[in-house]
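Under my numbering, the first residue of the sequence shown is numbered 345, with each subsequent residue one higher.
The beta carbon of each residue, even a glycine, is placed where N, CA and C say it ideally should be.
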Amino acid sequence: MKRFGETETIFQDMDRLNPNTQTYKPESLPERESELNQLHSALRPATMGSTPLNVFVYGPTGQGKTVGISLKTNQLQQYANGKDMDLTVVTVRCKGMDKSYHVMTHLVKNIREKRLGPGEELPSGYQQKTLLSMIISELEAISGTVIVVLDEIDAIGQDDYILYELPRAEPKGVRLSIIGITNDLQFRDNLDADVRSSLGEDEIEFAPYNADQLNNILSRRAAGALRKTEVQDIKNPFESLDSQILDSDVVPLASAYAAQESGDAREAIKLMFRACRFADDNGEPVVREEHVRQAHEYLERAAVERGIKSLPTQRATALLTVVQAEISGNTPAETNYLYSVYNKFCIKSDINNLSERRFRDKLNDLVDASILARKRKGRGRGLGMTNLYTLEVQVETVLENLEGDSRLSDLIPNIIHHRHRQ
Ligand SMILES: Nc1ncnc2c1ncn2[C@@H]1O[C@H](COP(=O)(O)OP(=O)(O)O)[C@@H](O)[C@H]1O
Ligand SMILES: [Mg+2]
Numbered sequence: 345m346k347r348f349g350e351t352e353t354i355f356q357d358m359d360r361l362n363p364n365t366q367t368y369k370p371e372s373l374p375e376r377e378s379e380l381n382q383l384h385s386a387l388r389p390a391t392m393g394s395t396p397l398n399v400f401v402y403g404p405t406g407q408g409k410t411v412g413i414s415l416k417t418n419q420l421q422q423y424a425n426g427k428d429m430d431l432t433v434v435t436v437r438c439k440g441m442d443k444s445y446h447v448m449t450h451l452v453k454n455i456r457e458k459r460l461g462p463g464e465e466l467p468s469g470y471q472q473k474t475l476l477s478m479i480i481s482e483l484e485a486i487s488g489t490v491i492v493v494l495d496e497i498d499a500i501g502q503d504d505y506i507l508y509e510l511p512r513a514e515p516k517g518v519r520l521s522i523i524g525i526t527n528d529l530q531f532r533d534n535l536d537a538d539v540r541s542s543l544g545e546d547e548i549e550f551a552p553y554n555a556d557q558l559n560n561i562l563s564r565r566a567a568g569a570l571r572k573t574e575v576q577d578i579k580n581p582f583e584s585l586d587s588q589i590l591d592s593d594v595v596p597l598a599s600a601y602a603a604q605e606s607g608d609a610r611e612a613i614k615l616m617f618r619a620c621r622f623a624d625d626n627g628e629p630v631v632r633e634e635h636v637r638q639a640h641e642y643l644e645r646a647a648v649e650r651g652i653k654s655l656p657t658q659r660a661t662a663l664l665t666v667v668q669a670e671i672s673g674n675t676p677a678e679t680n681y682l683y684s685v686y687n688k689f690c691i692k693s694d695i696n697n698l699s700e701r702r703f704r705d706k707l708n709d710l711v712d713a714s715i716l717a718r719k720r721k722g723r724g725r726g727l728g729m730t731n732l733y734t735l736e737v738q739v740e741t742v743l744e745n746l747e748g749d750s751r752l753s754d755l756i757p758n759i760i761h762h763r764h765r766q
């Protein structure tokens, strides 16, 4: 067994490469200067005794929305504190709250806590309307300028009551501004036109980072995280990176991977963190390209495994038909062959039987998730084309990740049994 404190480390402050927003928050986001300037413009009225504008912020995950809005509102809060201005920022992270109702209970609690300190309970058992009045009276009790940040508000789906009512509420003695943040563009497009226009007095888009921006982000975060490095000039992070710890192609490779896949800074940081940890855990003094490749493979595999674990029943069953085909030596397999296996599976496990066409959609969903691979083949002259499917992952990986699934408990033991007989 390894002993703690025994080996040298390349890290100085690991938290800086930890993508978890709670662990470390960057002090500045140079890549989001223009977006944060737009936010600045919307919030500035607060410093002039007027009401800041309602803002709708949107863009895919990992684009610095949460961290950027928090930087900017903190900055305003500090300014207000210095000027003895009456300003309160209340944030609700709506992730996992599937109704306006939940958001409202948290809003009541969070506003109360701003006034009375932590330890307030979530109100329960009230009607929606009553909760709205509670929010309004809480706002009036706090008074002054109040900025309500609703992060990941897309969680509420169709139930937009709070977004409709809150901008229309007129708490007395309060200058109220709402910042709604969403990762889901569809949510913005589906919003009721009234809601969208009242909430989105200003709209700010956080578009995906490109490889250059990710390069700078990673360089800055790595510079603070790794040893013997000093961040002298934040605008030119490459100069401050210790080339002895980080091979020169490491950051560009990690950025290229992340830019190709999503432009998600969290994914880029995760990849970089994993690569550095691989090197460090091996007691190696230098992070090399190879560690990045290894980390990429590791994370991709982990994502696929999570994907397999969370497959809906029909897709999981479709996947098992290909596993069965593979075990019996019948891959690449045609759709109609897999469909006949599927029909047997449906009888065995009492699963609702889809049409061949819908079954094929499930196979193709699995291709999109990189769990299956698809090839097209001509059936012969004048007979059109057909699809052939194979597994993109190991049989083992699928079985391990679906084994405990009770919906499939009539199928998996059989497949495993069959496999051992081969
Ligand atoms: N420009 C940037 N510089 C440094 N770190 C960043 C930058 N943009 C995002 N991050 C980091 O990436 C992660 C995701 O950012 P976050 O604000 O949570 O994204 P979003 O809310 O858009 O999903 C966080 O760890 C954050 O610190
Ligand atoms: Mg966020």
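Query, Result
"Residues sharing a beta bridge with residue 521, DSSP", "491"
"Cβ neighbour criterion (16 or more within 10 Å) applied to residue 723", "exposed"
"Classification of residue 691 by the beta-carbon crowding that lies within 10 angstroms, buried from 16 upward", "exposed"
"Residue environment, residue 729, which counts as buried when at least 16 other CB atoms sit within 10 Å", "exposed"
"Cβ-heavy atom distance, residue 601 to ligand 1, below 8 Å", "no"
"Under the three-state DSSP convention, the category residue 755 falls into", "coil"
"heavy atom of ligand 2 below 8 Å from residue 409 C-beta", "yes"
"Outcome for residue 764 when other beta-carbon atoms lying within 10 angstroms are tallied against a minimum of 16", "exposed"
"Buried/exposed call for residue 354, threshold 16 Cβ in 10 Å", "buried"
"Any non-hydrogen atom of ligand 1 within 8 Å of residue 626 CB", "no"
"Secondary structure of residue 631, DSSP reduced to three states", "strand"
"Cutoff 7 Å; reference residue 412; Cβ partners in own chain excluding five residues on either side", "373, 376, 379, 380"
"Cβ-heavy atom distance, residue 647 to ligand 1, below 8 Å", "no"
"Buried versus exposed call for residue 753 [16 or more other C-beta atoms within 10 Å across all chains shown]", "exposed"
"Helix, strand or coil at residue 545 [DSSP, three-state]", "coil"
"Endpoints, the alpha helix (DSSP H) within which residue 621 is located", "609 to 625"
"Other residues of its chain near residue 668: CB distance less than 7 Å, five sequence neighbours each side excluded", "685, 759"
"Validate contact between the stretch 413 to 429 and the stretch 382 to 395 using beta carbons, cut 8 Å, 3 pairs", "yes"
"Residue 486 to residue 517 span [Cα, whole Å]", "9 Å"
"Check: residue 497 C-beta below 8 Å from any heavy atom of ligand 2", "no"
"Residue 525: CB within 8 Å of a non-hydrogen atom of ligand 2", "yes"
"Sequence-distant residues of the same chain with beta carbon closer than 6 Å to residue 697, five excluded per side", "690"
"Cβ neighbour criterion (16 or more within 10 Å) applied to residue 727", "exposed"
"Own chain, CB closer than 7 Å to residue 582, minus 5 neighbours either side, in chain order", "Residue placement at residue 582 cannot be trusted, given a pLDDT of 49 that sits under 50; what the coordinates show is reported in the next sentence. Cβ within range, chain order: 563."
"Limits of the unbroken beta strand (DSSP E) element including residue 821", "Residue coverage of the chain in this structure runs from 345 to 766, which leaves residue 821 outside it and unanswerable."
"Nonlocal neighbours in the same chain, by C-beta distance under 8 Å from residue 614, ignoring five residues either side", "363, 643"
"CB-CB length for residue 552 against residue 489, believed under 8 Å", "With 8 Å as the limit, residue 552 and residue 489 do not qualify as a contact, their Cβ atoms being about 33 Å apart."
"When 401, 480, 713, 476 are compared against residue 605, the one with the closest alpha-carbon", "713"
"Chain-order list of residues whose beta-carbon lies under 6 Å from that of residue 577 (same chain, five-residue window excluded)", "Because residue 577 carries a pLDDT of 43, less than 50, the predicted location of this residue cannot be relied on, and no value is offered for it."
"Where residue 720 falls, given that 16 or more other Cβ within 10 Å makes a residue buried", "exposed"
"From 512, 448, 629, 477, residue whose alpha carbon lies closest to that of residue 591", "629"
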